[in-house]
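Chemist: Its first residue numbered 3, the sequence shown is counted upward by one per residue in the numbering used here.
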Amino acid sequence: MRALLLAAGLGERLRPLTLTKPKALMPIANRPSIIRLLESVQSLELDEIFINLHFLKDDIKDEISAGTRWNCPIQYSYETELLGTAGAIRKIGKFLADDRFVIINTDIVTDIDLPSVIEGHIKTGAKATLVLSKQDDIDYEQIGVSSDGRILIDKKSGDLITNGVYTGIGIFEPSVIEMIPTGYSSLLEAVLIPLADEGTLYAHFAEGYWMDIGKVDRYIQAGRDVISGKTRLPIDGRLIGDNLWINEFSEIDMTVRIEEPVLIGEGVAVDRGTRIGPNVIIGDGCQIGAGVEISNSVIWNDCRIGGSSIIEHSVISNNEKIAPKQKVKRVIVHRGVAEPIFNI
Numbered sequence: 003m004r005a006l007l008l009a010a011g012l013g014e015r016l017r018p019l020t021l022t023k024p025k026a027l028m029p030i031a032n033r034p035s036i037i038r039l040l041e042s043v044q045s046l047e048l049d050e051i052f053i054n055l056h057f058l059k060d061d062i063k064d065e066i067s068a069g070t071r072w073n074c075p076i077q078y079s080y081e082t083e084l085l086g087t088a089g090a091i092r093k094i095g096k097f098l099a100d101d102r103f104v105i106i107n108t109d110i111v112t113d114i115d116l117p118s119v120i121e122g123h124i125k126t127g128a129k130a131t132l133v134l135s136k137q138d139d140i141d142y143e144q145i146g147v148s149s150d151g152r153i154l155i156d157k158k159s160g161d162l163i164t165n166g167v168y169t170g171i172g173i174f175e176p177s178v179i180e181m182i183p184t185g186y187s188s189l190l191e192a193v194l195i196p197l198a199d200e201g202t203l204y205a206h207f208a209e210g211y212w213m214d215i216g217k218v219d220r221y222i223q224a225g226r227d228v229i230s231g232k233t234r235l236p237i238d239g240r241l242i243g244d245n246l247w248i249n250e251f252s253e254i255d256m257t258v259r260i261e262e263p264v265l266i267g268e269g270v271a272v273d274r275g276t277r278i279g280p281n282v283i284i285g286d287g288c289q290i291g292a293g294v295e296i297s298n299s300v301i302w303n304d305c306r307i308g309g310s311s312i313i314e315h316s317v318i319s320n321n322e323k324i325a326p327k328q329k330v331k332r333v334i335v336h337r338g339v340a341e342p343i344f345n346i
């Protein structure tokens with residue numbers, strides 16, 4: 003079996019963060035999302051992993067090659083123009099034609115048990131299975147499911163018994179490839195609607211944590227959930243308290259007050275009298291001045307926070323410098339510019 007990780011998208015809903023970092027590399031508790039997904043699919047004992055690339059493709063390749071040794075080959079599919087999900091499948095169709103395959107969006111955070119998903123797909127005899135999650139958020143589009151687990155395109159059908167949100171994870175039999183035209187192609191139109199019409203598109207309701215990080219508020223929430231222990235995902239650093247991780251090569255002044263959950267990365271220095279937490283993630287190589295207050299925020303790598311500054315409900319991207327005595331509240335700081343966040 004093979005996997006296709008979908009990493010070609012522009013991540014427009016996460017701008018300005020994704021102007022200089024592809025969405026697949028968004029750090030989730032100091033690990034890029036695509037690295038966490040690559041770690042997750044190791045449980046499937048795959049023959050090969052494909053990753054489609056477009057925007058900042060070399061950044062993604064460099065991150066993957068610098069990381070953990072994976073237990074199967076990784077191949078890349080370059081898209082000079084975005085092909086859509088179905089188009090991405092068709093482009094590498096000859097490599098997927100001999101066995102079922104799984105596709106996974108890279109703008110998600112999840113600890114869903116993937117082997118159990120595959121088992122469920124095989125039992126139903128489906129041509130395709132979409133992994134769904136129960137979510138109450140009205141921003142998510144709900145997918146209708148019948149009493150026997152089939153996905154219903156027509157939600158008014160009398161067979162409709164429940165709804166779920168598509169997680170960005172799907173399992174497909176190779177026969178679907180011939181349904182997809184070359185070039186740009188929508189998965190919904192080329193594959194899902196025809197399969198639903200013939201009754202061979204099934205749902206699998208997965209247990210476990212799932213979050214779409216395509217929007218800034220969800221991105222912040224996902225990192226918070228990881229360091230709060232709401233997932234089974236690994237966290238780097240020494241566990242000091244119930245939900246406090248500090249890298250052994252960081253220096254925290256004895257007068258610093260920390261309110262969990264907090265994650266502090268490698269090579270971080272925090273000066274005297276600073277208060278950190280709750281819900282704070284600090285990336286590698288950051289320097290935090292004296293008397294700083296940081297809460298409900300994500301700070302990426304190699305940032306400098308001047309003394310007596312206040313950081314609240316914000317995301318600060320790599321290599322940013324915050325002058326002393328600044329109030330940074332409900333903003334994204336990127337390339338020296340603070341842009342407001344309205345939905346947190």
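Glycine included, every Cβ here is placed at the ideal spot set by N, Cα and C.
Only a predicted model underlies this, so the values are computations on that prediction, with no experimental measurement involved.
If I follow the unbroken alpha helix (DSSP H) through residue 342, where does it start and stop?
Modeler: From DSSP, residue 342 is part of no alpha helix (DSSP H) but of the beta strand (DSSP E) over 339–342.
Chemist: Should residue 168 be labelled buried (16 or more other beta-carbon atoms within 10 Å of its own) or exposed?
Modeler: buried
Chemist: With residue 229 as the anchor, note down where its alpha helix (DSSP H) starts and where it stops.
Modeler: 218–229 is the extent of the alpha helix (DSSP H) around residue 229.
Chemist: Look up residue 117 in the DSSP assignment and say whether it is helix, strand or coil.
Modeler: helix
Chemist: Helix, strand or coil: which one does DSSP assign to residue 101?
Modeler: coil
Chemist: Just the Cα atoms here: how many angstroms apart are residue 266 and residue 204?
Modeler: 42 angstroms
Chemist: Can you tell me whether DSSP reads residue 192 as helix, strand or coil?
Modeler: helix
Chemist: Note down the Cα distance separating residue 146 from residue 338, rounded to an integer number of angstroms.
Modeler: 45 angstroms
Chemist: Could you pull out every residue in the same chain whose Cβ sits closer than 7 angstroms to the Cβ of residue 250, ignoring the five residues on either side in sequence?
Modeler: If we look at residue 250 and ignore the five residues flanking it on each side, its Cβ neighbours are 240.
Chemist: Helix, strand or coil: which one does DSSP assign to residue 294?
Modeler: coil
Chemist: Could you give the distance in angstroms between the alpha-carbon of residue 1 and the alpha-carbon of residue 111?
Modeler: What is shown of the chain runs 3 to 346, which leaves residue 1 out entirely.
Chemist: By how many angstroms is the C-alpha of residue 294 removed from the C-alpha of residue 260?
Modeler: 12 angstroms
Chemist: Work out the CA separation of residue 40 and residue 310 for me, nearest whole Å.
Modeler: 40 angstroms
Chemist: Could you tell me the alpha carbon to alpha carbon distance between residue 87 and residue 154, rounded to whole angstroms?
Modeler: 20 angstroms
Chemist: Rounded C-beta distance between residue 312 and residue 300? I'm assuming under 8 angstroms.
Modeler: 16 angstroms between Cβ atoms; not a contact.
Chemist: Under three-state DSSP, which class holds residue 33?
Modeler: strand
Chemist: Going by Cα to Cα distance, which pick from 9, 62, 22, 115 is closest to residue 234?
Modeler: 115
Chemist: Judging by CA-CA distance, which residue of 217, 134, 102 is the nearest neighbour of residue 49?
Modeler: 102
Chemist: Does the distance from the CB of residue 246 to the CB of residue 268 come in under 7 angstroms?
Modeler: No, the pair does not count as a contact, with Cβ atoms beyond the cut-off.
Chemist: Just to confirm the assignment, what range does the beta strand (DSSP E) spanning residue 5 have?
Modeler: 4–8
Chemist: Which partner residues of residue 164 appear in the DSSP bridge assignment?
Modeler: 147
Chemist: Three Cβ pairs or more, each shorter than 8 angstroms: is that satisfied between the stretch 60–80 and the stretch 123–142?
Modeler: no
Chemist: Evaluate residue 322 with the Cβ neighbour count: other Cβ atoms within 10 Å of its Cβ, from every protein chain shown; 16 or more gives buried, anything less gives exposed.
Modeler: buried
Chemist: Thinking C-beta only, is residue 208 closer than 7 angstroms to residue 215?
Modeler: no
Chemist: For residue 227, does the count of other Cβ atoms within 10 angstroms reach 16, so buried, or fall short, so exposed?
Modeler: buried
Chemist: Following the continuous beta strand (DSSP E) through residue 94, name the residue where it begins and the one where it ends.
Modeler: That residue, residue 94, is in no beta strand (DSSP E); it is neither H nor E in DSSP.
Chemist: Assuming residue 5 contacts residue 104 (C-beta within less than 8 angstroms), just tell me the rounded distance between them.
Modeler: 5 angstroms
Chemist: Answer with buried or exposed for residue 325, where buried requires no fewer than 16 other C-beta atoms within 10 angstroms of its C-beta.
Modeler: exposed
Chemist: Below 7 angstroms between beta carbons: does that hold for residue 289 and residue 306?
Modeler: yes
Chemist: Using the Cα positions of residue 257 and residue 23, report the straight-line distance between them to the nearest angstrom.
Modeler: 35 angstroms
Chemist: Return helix, strand or coil for residue 55, following the three-state DSSP convention.
Modeler: Three-state DSSP puts residue 55 in a strand.
Chemist: Based on the DSSP output, what are the partners of residue 131 in its beta bridges?
Modeler: 173, 204
Chemist: So if DSSP puts residue 50 in a beta bridge, which residue, or which two residues, is it bridged to?
Modeler: 4
Chemist: Decide if residue 350 is buried, meaning its Cβ has at least 16 other Cβ atoms within 10 Å, or exposed.
Modeler: Outside the shown range of the chain, which is 3 to 346, sits residue 350, and nothing can be said about it.
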